[in-house]
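Line by line, the protein sequences give chains B and Y.
With positions in the first sequence counted from 1, the corresponding number in the working numbering is that position plus 9.
With positions in the second sequence counted from 1, the corresponding number in the working numbering is that position plus 8.
Here is the structure we will look at, set down as structure tokens.
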Amino acid sequence: MSLVKVYVTYKESILDPQGEAIKKAIHGMGHTSINDVRMGKYFELNVDNNISDIDSEINLICDSLLANPNMETYRYEILEDAE
Amino acid sequence: MKFAVIVFPGSNCDKDLYFAVKDSIHAEVEMIDYRETSLDGFDAVLIPGGFSYGDYLRSGAIAAHAPIIKTIKKMAILGKPILGICNGFQILTEIGLLPGALMRNRQNKFICETVDLRVENSQTIFTSEYDYDEIINIPVAHGEGNYYCDIATLKQINDNNQIVFRYASDINGSVDNIAGIINKEGNVLGMMPHPERALEEIIGSDDGLKMFQSILKSHMNRVNL
Numbered sequence: 010m011s012l013v014k015v016y017v018t019y020k021e022s023i024l025d026p027q028g029e030a031i032k033k034a035i036h037g038m039g040h041t042s043i044n045d046v047r048m049g050k051y052f053e054l055n056v057d058n059n060i061s062d063i064d065s066e067i068n069l070i071c072d073s074l075l076a077n078p079n080m081e082t083y084r085y086e087i088l089e090d091a092e
Numbered sequence: 009m010k011f012a013v014i015v016f017p018g019s020n021c022d023k024d025l026y027f028a029v030k031d032s033i034h035a036e037v038e039m040i041d042y043r044e045t046s047l048d049g050f051d052a053v054l055i056p057g058g059f060s061y062g063d064y065l066r067s068g069a070i071a072a073h074a075p076i077i078k079t080i081k082k083m084a085i086l087g088k089p090i091l092g093i094c095n096g097f098q099i100l101t102e103i104g105l106l107p108g109a110l111m112r113n114r115q116n117k118f119i120c121e122t123v124d125l126r127v128e129n130s131q132t133i134f135t136s137e138y139d140y141d142e143i144i145n146i147p148v149a150h151g152e153g154n155y156y157c158d159i160a161t162l163k164q165i166n167d168n169n170q171i172v173f174r175y176a177s178d179i180n181g182s183v184d185n186i187a188g189i190i191n192k193e194g195n196v197l198g199m200m201p202h203p204e205r206a207l208e209e210i211i212g213s214d215d216g217l218k219m220f221q222s223i224l225k226s227h228m229n230r231v232n233l
């Protein structure tokens with residue numbers, strides 16, 4: 010079994026109102042050296058080892074469901090033989 | 009003319025749309041479950057507002073993979089009128105029938121109020137009963153209605169006259185104040201405001217009526233050709 014970790018984030022050009030609100034809260038806590046906060050999404054996918062082309066399958070899932078290519082971008086890492 | 013109102017888990021404007029069709033234009037209408045795969049016999053598809061799948065992942069993202077969607081795409085190719093309101097608009101962008109995406113409102117707040125819209129294109133099957141540049145009063149109720157598309161797409165939809173409604177003032181950060189757009193072919197319309205909630209003056213506005221009348225009239229004109 011492999012573990013695929015997928016990170017989805019807004020493209021840089023996209024305004025992230027939630028990240029802005031979180032940043033304000035962080036500043037309110039006194040951590041004024043935090044300049045910017047971007048919020049994203051994280052997914053863990055457990056994948057069978059018998060999958061033939063894991064990259065194309067993961068890319069397809071990300072492009073058609075996990076991320077919206079209009080406004081988001083994603084990256085992933087594969088940890089082989091994760092149990 | 010027969011309308012289908014698609015019901016997803018979490019839709020909450022489905023009944024409003026059902027009665028909008030039944031009581032305002034007295035056409036046939038049926039509620040269709042998202043697990044169905046046939047829309048045989050239907051002339052138009054209405055995708056209601058609400059929070060399909062609790063807005064999990066992104067608004068409309070999970071509904072975009074429901075069984076009925078393939079059939080809706082086929083209806084779109086056949087040129088049948090498809091109207092998505094609010095969450096329906098979000099679903100139409102997620103399935104690629106309309107360009108762009110709906111993001112969280114810039115002010116990070118849910119907006120629930122009646123706003124002024126400007127009719128930017130009155131030559132569509134959905135808006136033929138309106139006047140060009142007419143200001144209409146329609147309720148909005150959304151947290152993620154901030155329309156976004158890239159500059160190339162914006163130019164394209166402007167050039168093709170695909171922007172059908174604009175907010176009279178900036179309410180949520182939408183690019184170019186866009187409130188509703190139509191596809192290039194002119195049969196798929198998505199909009200964040202709720203015309204189905206503006207059908208009787210006694211509850212504030214009946215400016216939504218003309219939309220349903222437009223759809224019916226355009227259909228009758230096609231049938232009688």
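The beta-carbon is built from N, C-alpha and C at its ideal position, and this holds for glycine as well.
On a predicted model such as this, the values are computed, not experimentally measured, just so you know.
Exercise. Asn79(B): buried (16+ other C-beta within 10 angstroms of its C-beta) or exposed?
Worked result: Counting from 1 along the first sequence, the entry for residue 79(B) is found at position 70. Around the CB of Asn79(B), 16 or more other CB atoms lie within 10 Å, so the residue is classed as buried.
For this session: Report yes or no: is there a C-beta of chain Y within less than 8 Å of the C-beta of Leu69(B)?
Result: Counted from its first residue, the first sequence places residue 69(B) at position 60. So, not an interface residue.
For this session: Using only alpha-carbon positions, find the residue among Glu193(Y), Ile146(Y), His34(Y) that is nearest to Phe173(Y).
Result: Here residue 173(Y) refers to the residue found at position 165 when the second sequence is read from its first residue. Restricting attention to Glu193(Y), Ile146(Y), His34(Y), the CA atom closest to the CA of Phe173(Y) is found in Ile146(Y).
Problem set entry | Pro26(B), DSSP secondary structure in three states | As a working note, residue 26(B) is residue 17 in the first sequence. Helix.
For this session: Throw me the rounded Cβ distance for the Leu86(Y) and Gly198(Y) pair, which I believe falls under 8 Å.
Result: Along the second sequence, read from residue 1 onward, the residue named residue 86(Y) stands at position 78. Along the second sequence, read from residue 1 onward, the residue named residue 198(Y) stands at position 190. With a Cβ gap of about 18 Å, Leu86(Y) and Gly198(Y) do not count as contacting.
Problem set entry | Cβ-heavy atom distance, Ile70(Y) to the ligand NAD, below 7 Å | Among the ligands in the structure shown, none appear at all, so the ligand NAD cannot be discussed.
Exercise. So is Cys120(Y) buried or exposed if we call it buried at 16+ other beta carbons inside 10 Å?
Worked result: Position 112 of the second sequence, counted from the start, is the residue given in the question as residue 120(Y). Exposed, since its Cβ has fewer than 16 Cβ neighbours within 10 Å.
Exercise. What is the DSSP secondary structure of Asp139(Y), reduced to helix, strand or coil?
Worked result: On the second sequence, position 131 is the one that residue 139(Y) refers to. If DSSP states are grouped into helix, strand and coil, Asp139(Y) belongs with coil.
Exercise. Of the residues Phe27(Y), Asp139(Y), His150(Y), Gly151(Y), which one's Cα is nearest the Cα of Val127(Y)?
Worked result: Stepping through the second sequence from its first residue, residue 127(Y) is reached at position 119. Closest in C-alpha terms to Val127(Y), from the list Phe27(Y), Asp139(Y), His150(Y), Gly151(Y), comes Asp139(Y).
Exercise. What do you reckon, are the CB atoms on Tyr16(B) and Gly49(B) nearer than 8 Å?
Worked result: Residue 16(B) sits at position 7 when you count from the first residue of the first sequence. Residue 49(B) sits at position 40 when you count from the first residue of the first sequence. The answer is yes: Cβ separation under 8 Å.
Exercise. When we look at the beta-carbon of Ile55(Y) and count the other beta-carbons within 10 Å, is it buried (16 or more) or exposed?
Worked result: Position 47 of the second sequence, counting from 1, holds the residue named residue 55(Y). Around the beta carbon of Ile55(Y), 16 or more other beta carbons lie within 10 angstroms, which makes this residue buried.
For this session: Output yes if chain Y places a C-beta closer than 8 Å to the C-beta of Leu74(B); else output no.
Result: In the first sequence, the residue the question calls residue 74(B) occupies position 65. At a cut-off of 8 Å between beta-carbon atoms, Leu74(B) makes contact with chain Y.
For this session: Rank Met10(B), Val13(B), Pro26(B), Ile35(B) by C-alpha distance to the C-alpha of Phe118(Y) and give the top, closest one.
Result: Taking the first residue of the second sequence as 1, we reach residue 118(Y) at position 110. It is Pro26(B) whose Cα lies nearest to the Cα of Phe118(Y).
Problem set entry | Where Ala187(Y) sits in the DSSP three-state scheme | On the second sequence, position 179 is the one that residue 187(Y) refers to. Three-state result, Ala187(Y): strand.
For this session: Could you tell me which of Arg230(Y), Asn169(Y), Ile190(Y) sits nearest to Pro107(Y), measuring between CA atoms?
Result: Residue numbering aside, residue 107(Y) sits at position 99 when the second sequence is read from its first letter. The shortest Cα separation from Pro107(Y) among Arg230(Y), Asn169(Y), Ile190(Y) belongs to Ile190(Y).
For this session: Run down chain B in chain order and give the residues with a C-beta less than 7 Å from the C-beta of His73(Y).
Result: Looking up residue 73(Y) in the second sequence gives position 65. Under the 7 Å cutoff, chain B gives Leu74.
Exercise. With a Cβ-Cβ cutoff of 8 Å, do Leu62(Y) and Ile133(Y) count as a contact?
Worked result: Locating residue 62(Y) in the second sequence gives position 54, counting from the first residue. Locating residue 133(Y) in the second sequence gives position 125, counting from the first residue. It should be pointed out that residue 62(Y) corresponds to Gly in this sequence rather than to Leu. Going by beta carbons, Gly62(Y) and Ile133(Y) fall outside the 8 Å limit.
Problem set entry | Cβ-Cβ separation, Ala69(Y) to Leu224(Y) (assumed contact under 8 Å), whole Å | Indexing the second sequence from 1 puts residue 224(Y) at position 216. Indexing the second sequence from 1 puts residue 69(Y) at position 61. Incorrect: roughly 32 Å between the Cβ atoms, too far for contact.
Exercise. With a CB to CB cut of under 8 Å and the five nearest residues on each side skipped, what residues in its chain are close to His36(B)?
Worked result: Within the first sequence, the letter at position 27 stands for residue 36(B). Contacts found: Ile43.
For this session: State the Cα-Cα distance for the pair Val13(Y) and Leu47(Y), rounded to the nearest angstrom.
Result: Locating residue 13(Y) in the second sequence gives position 5, counting from the first residue. Locating residue 47(Y) in the second sequence gives position 39, counting from the first residue. Roughly 11 Å between the two C-alpha positions.
Exercise. In angstroms, rounded to a whole number, what distance separates the CA positions of Gln115(Y) and His202(Y)?
Worked result: Position 107 of the second sequence holds residue 115(Y). Position 194 of the second sequence holds residue 202(Y). When rounded, the distance between both Cα atoms is 20 Å.
Problem set entry | Inter-residue Cα distance where the pair is Cys157(Y) and Glu89(B) | As a working note, residue 157(Y) is residue 149 in the second sequence. As a working note, residue 89(B) is residue 80 in the first sequence. Answer to the nearest angstrom: the Cα atoms are 38 Å apart.
Exercise. Under the rule that 16 or more other beta-carbon atoms within 10 Å means buried, what is Ser61(B), buried or exposed?
Worked result: Taking the first residue of the first sequence as 1, we reach residue 61(B) at position 52. Counting Cβ neighbours within 10 Å, Ser61(B) comes out exposed, since fewer than 16 surround it.
For this session: Give me the Cα-Cα distance between Lys78(Y) and Phe11(Y), rounded to the nearest whole angstrom.
Result: Here residue 78(Y) refers to the residue found at position 70 of the second sequence. Here residue 11(Y) refers to the residue found at position 3 of the second sequence. Distance between the alpha carbons of Lys78(Y) and Phe11(Y): 17 Å.
Problem set entry | Residue span of the alpha helix (DSSP H) that contains Val231(Y), given as start and end | Reading the second sequence from its first residue, position 223 is the one you call residue 231(Y). Run containing Val231(Y): 217-231, per the alpha helix (DSSP H) assignment.
Exercise. DSSP three-state call for Ala160(Y): helix, strand or coil?
Worked result: Mapped onto the second sequence, residue 160(Y) falls at position 152. It is helical.
Exercise. How is Ile103(Y) classed by DSSP in three states: helix, strand or coil?
Worked result: Position 95 of the second sequence, counting from 1, holds the residue named residue 103(Y). Ile103(Y): coil per DSSP, three-state reduction.
Exercise. Among Asn232(Y), Ala176(Y), Met111(Y), which has the Cα closest to the Cα of His150(Y)?
Worked result: Your numbering for residue 150(Y) matches position 142 in the second sequence. Ranking Asn232(Y), Ala176(Y), Met111(Y) by Cα distance to His150(Y) puts Met111(Y) first.
For this session: Taking the CB atoms as reference points, tell me whether Ile90(Y) and Val231(Y) lie closer together than 8 Å.
Result: As a first step, residue 90(Y) must be located in the second sequence, where it is residue number 82. As a first step, residue 231(Y) must be located in the second sequence, where it is residue number 223. No; because the gap between Cβ atoms is not below 8 Å, this pair is not in contact.
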